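Residue numbers (my numbering): 491 to 660.
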């Protein structure tokens, strides 16, 4: 069969799929799972004051936006040397992209920065709710929240030191 475009086959089978009596119960179950994961993600991540969580409202992804001033160039996460070497050439990018790269190197969690992944003026990231295994989803969510807290706190030490007056010996 010759495909004219990527949607030809789905367009041909969609009426049969939607006509199957199993389709709407499956769809309801799937949307319900996304809704449960979205509510859980909002519950866990909304405790972090430096970010704003935008509800999924039926989507399979969510967005977190960093509050103005939450990100700086001094923030980082500890990562294996091999992973740190891979991300190092790319750290001059947008501040949210720096977070995303540090997160990936330190935890293996992959999210997409808003500024470069979606051409947005906002600093933040988007992540999916697709993990069907609830135990894995909860573990990733817990690790993401911990990494966010650690990353955001890592820049405070440098800022606090810079704000302290220097002491000179008389």
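Virtual Cβ for every residue (Gly too), placed ideally from N, Cα, C.
Owing to the predicted nature of the structure, the values given are computational and were not obtained by experimental measurement.
My understanding is that residue i touches residue j, with C-beta atoms under 8 Å, so please give their C-beta distance in whole angstroms.
{"i": "residue 644", "j": "residue 566", "result": "5 Å"}
{"i": "residue 599", "j": "residue 623", "result": "Not quite, the Cβ-Cβ distance comes to about 15 Å (not below 8 Å), so this is no contact."}
{"i": "residue 557", "j": "residue 543", "result": "Going by Cβ atoms, the distance from residue 557 to residue 543 rounds to 11 Å, so no, they are not a contact pair."}
{"i": "residue 662", "j": "residue 642", "result": "The structure shown has nothing for residue 662, since the chain only spans 491 to 660."}
To the nearest angstrom, how far is the alpha carbon of residue i from that of residue j?
{"i": "residue 601", "j": "residue 594", "result": "8 Å"}
{"i": "residue 507", "j": "residue 525", "result": "23 Å"}
{"i": "residue 631", "j": "residue 585", "result": "21 Å"}
{"i": "residue 497", "j": "residue 550", "result": "21 Å"}
{"i": "residue 516", "j": "residue 548", "result": "15 Å"}
{"i": "residue 575", "j": "residue 625", "result": "31 Å"}
{"i": "residue 546", "j": "residue 522", "result": "12 Å"}
{"i": "residue 510", "j": "residue 603", "result": "38 Å"}
{"i": "residue 570", "j": "residue 562", "result": "22 Å"}
{"i": "residue 621", "j": "residue 564", "result": "32 Å"}
{"i": "residue 591", "j": "residue 646", "result": "19 Å"}
{"i": "residue 491", "j": "residue 505", "result": "Low confidence applies here, because residue 491 scores a pLDDT of 48, under 50, leaving its location unreliable; read the following figure in that light. When rounded, the distance between both Cα atoms is 19 Å."}
{"i": "residue 512", "j": "residue 519", "result": "11 Å"}
{"i": "residue 577", "j": "residue 500", "result": "39 Å"}
{"i": "residue 514", "j": "residue 502", "result": "19 Å"}
{"i": "residue 612", "j": "residue 581", "result": "18 Å"}
Please state whether the Cβ-Cβ distance between residue i and residue j is less than 9 Å.
{"i": "residue 614", "j": "residue 554", "result": "yes"}
{"i": "residue 531", "j": "residue 589", "result": "no"}
{"i": "residue 640", "j": "residue 538", "result": "no"}
{"i": "residue 535", "j": "residue 619", "result": "no"}
{"i": "residue 610", "j": "residue 587", "result": "no"}
{"i": "residue 596", "j": "residue 579", "result": "no"}
With distance defined between alpha-carbon atoms, name the residue in the options nearest to residue i.
{"i": "residue 628", "options": "528, 545, 511", "result": "528"}
{"i": "residue 533", "options": "515, 552, 626", "result": "552"}
From the DSSP secondary-structure annotation, give me the bridge partner or partners of residue i.
{"i": "residue 542", "result": "555"}
{"i": "residue 615", "result": "554, 603"}
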